[in-house]
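So in the numbering used here, spot 127 of the sequence shown is number 145, and the numbers just go up one at a time. C-beta atoms are modelled at their ideal positions from N, C-alpha and C, and glycine is treated no differently. Notes to accompany the following structure.
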Amino acid sequence: MSKKVSLQPENFELQTNTVWSFPARGKWATHDAKYRGNWSPYIPRNVILRYSQENDTVLDQFVGGGTTAVEAKLTHRNFIGIDINPFAIEQTQTKYQFDFDTTTTTNLLLGDARNLPLDTESVDLICTHPPYANIIKYSDDIDGDLSLLPIKEFLYEMGKVAEESFRVLKNGKYCAILMGDTRSKGMVQPLAFETMRIFELAGFRTKEIIIKEQHNCKTTGFWKTNSIKHNFLLLAHEYLFVFKK
Numbered sequence: 019m020s021k022k023v024s025l026q027p028e029n030f031e032l033q034t035n036t037v038w039s040f041p042a043r044g045k046w047a048t049h050d051a052k053y054r055g056n057w058s059p060y061i062p063r064n065v066i067l068r069y070s071q072e073n074d075t076v077l078d079q080f081v082g083g084g085t086t087a088v089e090a091k092l093t094h095r096n097f098i099g100i101d102i103n104p105f106a107i108e109q110t111q112t113k114y115q116f117d118f119d120t121t122t123t124t125n126l127l128l129g130d131a132r133n134l135p136l137d138t139e140s141v142d143l144i145c146t147h148p149p150y151a152n153i154i155k156y157s158d159d160i161d162g163d164l165s166l167l168p169i170k171e172f173l174y175e176m177g178k179v180a181e182e183s184f185r186v187l188k189n190g191k192y193c194a195i196l197m198g199d200t201r202s203k204g205m206v207q208p209l210a211f212e213t214m215r216i217f218e219l220a221g222f223r224t225k226e227i228i229i230k231e232q233h234n235c236k237t238t239g240f241w242k243t244n245s246i247k248h249n250f251l252l253l254a255h256e257y258l259f260v261f262k263k
């Protein structure tokens, strides 16, 4: 007989400082790590519980594998999930199909984070995990897929994402975004802080800067050897920015 999967995490506690680390990424409900680059469900759970209320509407405009959608459902929030990639919408639809007693709703839309099909000030919380430029390419040729863009072009388009995020979010509400850095020719490219500045320029104020430690990276062994050989440090963290409108 297969082990029954719990719908909720065991012994869950809200994070209370600005360094988050989840060695066990979380496997409750339908969560898994099959969608490349998806975030630990502990992240959206912490964000949703701290920065929204039951029956609020949560938006993830880079819905990816559906982690945020599942957490919104489990915490009794209405959810809007948007992605430019049809595969992401399909994966989220699959992940969301489990029995759970809630009166909240979910709406999954194929769309562009730079031009959201939503009314102005219609969202209570944005909780999202965009691609990190072209570090992981999520499609081969989908028009508008930001994961196909090099850093400079990516950041330019993220300016449009930031402006749309500001438009659809209600006044006084929060927008949380996880972003990491990368390297080019041995030098760190501060993609995360560039993104933070872009959101500030769109009108947001930065409430929190959270360092999220990375675990279980599939290429760690390879890169560990090369980091010693070529004298560079492994990037073992990401940044979770919490903005307020």
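Whole-Å CB distance - Y150 paired with M214, under 8 Å assumed: Along the sequence shown, read from residue 1 onward, the residue named residue 150 stands at position 132. Along the sequence shown, read from residue 1 onward, the residue named residue 214 stands at position 196. Contact flag wrong, Cβ pair sits at about 14 Å.
Exposed or buried, which one is I154 when buried takes at least 16 other CB atoms within 10 Å? Taking the first residue of the sequence shown as position 1, residue 154 is located at position 136. Exposed, by the Cβ-count rule.
I'd like to know if the segment 136-147 and the segment 111-126 are in contact, where contact means that at least 3 CB-CB pairs between them fall below 8 Å. No, they do not touch.
Would I7 and P148 qualify as a contact pair, given that the criterion is a beta-carbon distance under 8 Å? In the structure as shown, the chain begins at 19 and stops at 263. Residue 7 is therefore absent and cannot be evaluated.
C-alpha gap between F105 and D130, whole angstroms: As a first step, residue 105 must be located in the sequence shown, where it is residue number 87. As a first step, residue 130 must be located in the sequence shown, where it is residue number 112. Here the alpha carbon of F105 sits roughly 14 Å from the alpha carbon of D130.
Please name the residue, chosen from Q207, Y192, S58, L187, that lies closest to F172 on a Cα-to-Cα basis. Translated into the one-based positions of the sequence shown, residue 172 becomes position 154. If we check each option's Cα against that of F172, Q207 comes out closest.
With burial defined as no fewer than 16 other Cβ atoms inside 10 Å of the residue's Cβ, what is the status of I227: buried or exposed? Looking up residue 227 in the sequence shown gives position 209. By the neighbour-count rule (16 or more Cβ atoms within 10 Å), I227 is not buried but exposed.
Contact set for G55: own chain, Cβ-Cβ below 6 Å, skip 5 residues either direction: Counted from its first residue, the sequence shown places residue 55 at position 37. Around G55: I154.
Name the one or two DSSP bridge partners that S157 has. Your numbering for residue 157 matches position 139 in the sequence shown. DSSP lists no partner for S157.
Out of L25, S58, N133, D119, state which residue places its alpha-carbon closest to the alpha-carbon of G82. What you label residue 82 is simply residue 64 of the sequence shown in a count that begins at 1. Minimum Cα distance to G82 is reached at S58.
In this structure, does DSSP put Y69 in helix, strand or coil? For the purposes of this step, residue 69 is taken as residue 51 along the sequence shown, with counting starting at 1. In this structure, DSSP gives Y69 a helical state, which the three-state scheme calls helix.
When DSSP builds the beta bridges, which residues end up paired with H255? Counting from 1 along the sequence shown, the entry for residue 255 is found at position 237. Under DSSP, H255 shares a beta bridge with E231.
Quick check on the DSSP output: what are the complete beta strand (DSSP E) runs of length 3 or more inside the segment 19-55, in order along the chain? Counting only runs that start and end inside the segment 19-55, the beta strand (DSSP E) elements of at least 3 residues fall at 37-39.
Please go through the same chain and pick out, in chain order, the residues whose beta-carbon is closer than 7 Å to the beta-carbon of Q79, but skip the five residues on each side of it. Along the sequence shown, one-based indexing puts residue 79 at 61. Around Q79, the same chain offers I100, A131, L134, T146 as residues with beta carbons nearer than 7 Å, after the five sequence neighbours per side are excluded.
In whole angstroms, what is the alpha-carbon distance linking A42 and Q71? Within the sequence shown, numbered from 1, the residue matching residue 42 stands at position 24. Within the sequence shown, numbered from 1, the residue matching residue 71 stands at position 53. The straight-line gap from Cα to Cα measures roughly 26 Å.
Which residue's Cα is closest to the Cα of G177: A220, Y156, L136? What you label residue 177 is simply residue 159 of the sequence shown in a count that begins at 1. When only C-alpha atoms are compared, the closest one is A220.
Can you give me the Cβ contacts of H233 inside the same chain, cut-off strictly under 6 Å, excluding the 5 residues immediately before and after it? Counting from one through the sequence shown, the residue named residue 233 turns up at place 215. Excluding the 5 residues flanking it on each side, H233 has same chain C-beta neighbours closer than 6 Å at P41, in chain order.
For Q115, name the three-state secondary structure that DSSP assigns. Within the sequence shown, the letter at position 97 stands for residue 115. Three-state result, Q115: coil.
Can you list, in chain order, the residues of its chain with a C-beta nearer than 6 Å to that of L136? Leave out the 5 residues immediately preceding and following it. Numbered from 1 along the sequence shown, position 118 holds the residue referred to as residue 136. Correct list, in chain order: V186.
Would you give the residue range spanned by the beta strand (DSSP E) that K188 belongs to? Locating residue 188 in the sequence shown gives position 170, counting from the first residue. Where K188 is concerned, the enclosing beta strand (DSSP E) stretches over 187-197.
Suppose contacts are defined by Cβ-Cβ distances below 8 Å. Is L25 in contact with L92 by that definition? Position 7 of the sequence shown holds residue 25. Position 74 of the sequence shown holds residue 92. Against a cut-off of 8 Å, the Cβ pair of L92 and L25 comes out as a contact.
My output table needs one value for S202: the three-state DSSP class, helix, strand or coil. Position 184 of the sequence shown, counting from 1, holds the residue named residue 202. Under the three-state reduction of DSSP, S202 is assigned to strand.
Kindly list the residues whose CB is nearer than 6 Å to the CB of F217, restricted to its own chain and excluding five residues on each side of it in sequence; keep chain order. Here residue 217 refers to the residue found at position 199 when the sequence shown is read from its first residue. When the five nearest sequence neighbours on each side are left out, the beta carbons in the same chain lying within less than 6 Å of the beta carbon of F217 are those of A180, F261, in order along the chain.
According to DSSP, simplified to helix, strand and coil, what is K263? Taking the sequence shown and counting its residues from 1, the one referred to as residue 263 is at position 245. Correct three-state label for K263: coil.
To the nearest angstrom, report how far apart D163 and S202 are at their CA atoms. Your numbering for residue 163 matches position 145 in the sequence shown. Your numbering for residue 202 matches position 184 in the sequence shown. For D163 and S202, the distance between alpha carbons rounds to 21 Å.
What did DSSP end up calling V141 once you bin it into helix, strand or coil? The residue labelled residue 141 in the question sits at position 123 within the sequence shown. In this structure, V141 counts as strand in the three-state DSSP scheme.
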